[in-house]
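Trainee: Sending over a structure as structure tokens; questions will come in a sec.
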Amino acid sequence: MPTAKLTSINISIDKAFTAAGHRLPTSAYKNANFLPGGPAYGIHNSNGGRFMLIGGGVPIKIEGQVVGAVGVSTGTPAQDEEVANAGVRAVEEWVRKRQGPKL
């Protein structure tokens, strides 16, 4: 992608890491209180600074278990999440074709 930013590679990887590790889309944190004294203060510094707070990371769940995640970066958080969700749906469809409708 000619307009993609070099930093988007690591951001995408870290969004997937966060989504898989916490079993939630990264957009779940957009309204969290990250101010000093708030319940989520400092969480973005956890895991070596890899914890991502912006949309674009979505876990892949097979039979209720997280088996991975898709991370996307370069657009807006909403655009990134839309693309990540499309990636998750593609993986789910691929699995469904191989093992039946167990998802």
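Position 89 of the sequence shown, counting from 1, maps to 89 under the UniProt record's numbering, and the rest follow consecutively.
Idealized CB from N, CA, C, for every residue including glycine.
The structure presented is a predicted model; accordingly, all values stated were derived computationally and were not measured.
Given a threshold of 16 other Cβ atoms within 10 Å of its Cβ, counted over all protein chains shown, does residue 27 qualify as buried or as exposed?
Mentor: Classification of residue 27: buried, given that the 10 Å Cβ count is 16 or more.
Trainee: Applying the criterion that 16 or more other CB atoms from any shown protein chain within 10 Å of the CB defines a buried residue, is residue 93 buried or exposed?
Mentor: Under this definition residue 93 is an exposed residue.
Trainee: With which residues is residue 62 paired in a DSSP beta bridge?
Mentor: Partner(s): 65.
Trainee: If you follow the alpha helix (DSSP H) that residue 118 is part of, which residue opens it and which one closes it?
Mentor: An answer regarding residue 118 cannot be provided, because it is not within the stretch 1 to 103 covered by the chain.
Trainee: Tell me the rounded alpha-carbon separation between residue 51 and residue 25.
Mentor: Taking the straight line joining both Cα atoms gives about 12 Å.
Trainee: Mind the definition here: the region 31-47 touches the region 62-78 only if three or more C-beta pairs lie below 8 Å; say whether that holds.
Mentor: Touching, no, given that fewer than three Cβ pairs across the two stretches are closer than 8 Å.
Trainee: For the alpha helix (DSSP H) containing residue 36, name the first residue and the last one.
Mentor: Neither: residue 36 is in no alpha helix (DSSP H) and is coded neither H nor E.
Trainee: State the Cα-Cα distance for the pair residue 30 and residue 4, rounded to the nearest angstrom.
Mentor: About 23 Å.
Trainee: Buried or exposed for residue 97, please, with buried defined as at least 16 other CB atoms from any protein chain shown within 10 angstroms of its CB.
Mentor: Classification of residue 97: exposed, given that the 10 Å Cβ count is below 16.
Trainee: Under the assumption that residue 90 contacts residue 20 (Cβ atoms under 8 Å), give the Cβ distance between them as a whole number of angstroms.
Mentor: Incorrect: roughly 17 Å between the Cβ atoms, too far for contact.
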